[in-house]
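The opening residue of the sequence shown carries number 13 in my numbering; numbering runs sequentially from there.
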Amino acid sequence: MRIPLIAVVPGLLAGSMVIGAAPASATTDTTKSATSAPSVMTSNKLYRSGMAKAVACAPTEPRKGSAASIKRYLQYVAKCNDILWTRQFKAVGWQFSRPRVVIMTTGTKSPCGTLTSWSPAHYCPDSRTIYFRLLKSQIKDPFPLVLAKTMAHEYGHHVQQRSGIITTYWSDYNRTRNRTARNLMSHRLEQQAECFSGVFLRAAEDYLPVDQREYDYVVDWASKNATDSAHGKGRNQAYWLERGFDSASPGACNTWAAPNARVA
């Protein structure tokens, strides 16, 4: 097993969905509880799509020092997510369209904002595009499982966009002025995307492949180190990643109905 510590940076364990700033006219001060969230979040049709079937996702492992090989790896992982989520949407009678994927080795700007060493990947819902900046440390010594998980997390935000969750999230977020309430809403969104990434890793487990010791290491590292205001406590991020992986089902990823303590 190879676990290069240099590659396991916080930004690779929790991507983000760029939401922008709320308008000055926002007026709601109440904290959103799980039970008061809209039904498109708490009872989304996608939750009834069933267990994910295996995805034969076997990209060539990226080479140390080769940005081109890492790009190919990430693009392949994105295509594997296309297969998985097209199936899940079809199971509930929905059509699915894949996101655009932009992978950069230079520059830090995307149309949605700045890509940083802490958060080198994000999803722009308006353009339905995943932006991924390769860090020098990743190129020097890539960690395929972390790369795949990060891509799957950002893809999870696209799944939220296509299933109507992000549109409703945006509307509620912009009406909410209370910082605690906003943080909890952000945590639910991000931890759900993390759960969706776990669903993907389980579906691709035998082909990617997912080495159990590397997976356990990533989960443990996230639990101890990944806490931030946008994504919540590391232990909760790790919980939802494992919940998605263990269940292999989007139905296990209903963060919107979970107690506040589980998404804090």
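Glycine included, each C-beta is placed from N, C-alpha and C at the ideal position. Bear in mind the structure is a predicted one, so any value in this text is a computation, not a measurement.
For Ser55 and Ser261, the gap between their C-alpha atoms comes out near 14 Å. Annotation: Ser259 to Gln203 spans about 15 Å, alpha carbon to alpha carbon.
Inter-residue distance for Ala133 and Thr126 is about 9 Å (C-alpha atoms, whole angstroms). The residue among Ser51, Val89 and Gly77 with its C-alpha nearest the C-alpha of Ala68 is Val89. Here the C-alpha atom of Pro156 lies approximately 7 Å from the C-alpha atom of Glu73. Assigned with DSSP and collapsed to three states, Ala70 falls in coil, not helix or strand. For Ala103, the three-state secondary structure derived from DSSP is helix. One thing to note: Thr120 has its Cβ within 8 Å of the Cβ of Thr128.
In summary, Gln249 is buried, with 16 or more beta-carbon neighbours lying within 10 Å of its beta-carbon over all protein chains present. Secondary structure at Tyr135: strand, using DSSP grouped into helix, strand and coil. Counting C-beta atoms within 10 angstroms of its own C-beta, Ala80 has fewer than 16 neighbours from the protein chains shown and is therefore classed as exposed. With 16 or more other Cβ atoms inside 10 Å of its own Cβ, Thr267 counts as buried. Using a Cβ distance threshold of 8 Å, Ile82 and Leu196 do not count as a contacting pair. Distances from the CA of Lys91 to each of Gly62, Tyr167 and Cys124 were compared; the closest alpha carbon is that of Tyr167. One alpha carbon belongs to Ala273, the other to Val171, and they sit about 25 Å apart. For Phe257, the enclosing alpha helix (DSSP H) covers residues Gly246 to Ser259.
Residue state for Thr192 is assigned as helix, using DSSP reduced to three classes. The beta carbon of Ile151 sits closer than 6 Å to the beta carbons of Ala79 from its chain, once the five residues preceding and following it are set aside; these are given in chain order. Positions of the beta strand (DSSP E) runs, each at least 3 residues long and wholly inside the stretch 134-164, are given as 141-145 in order along the chain. It is roughly 16 Å from the alpha-carbon of Leu96 to the alpha-carbon of Pro221. Scanning its chain for C-beta atoms nearer than 6 Å, with the 5 sequence neighbours on each side dropped, one finds around Arg200 the residues Thr267, Trp268 and Val275, in chain order.
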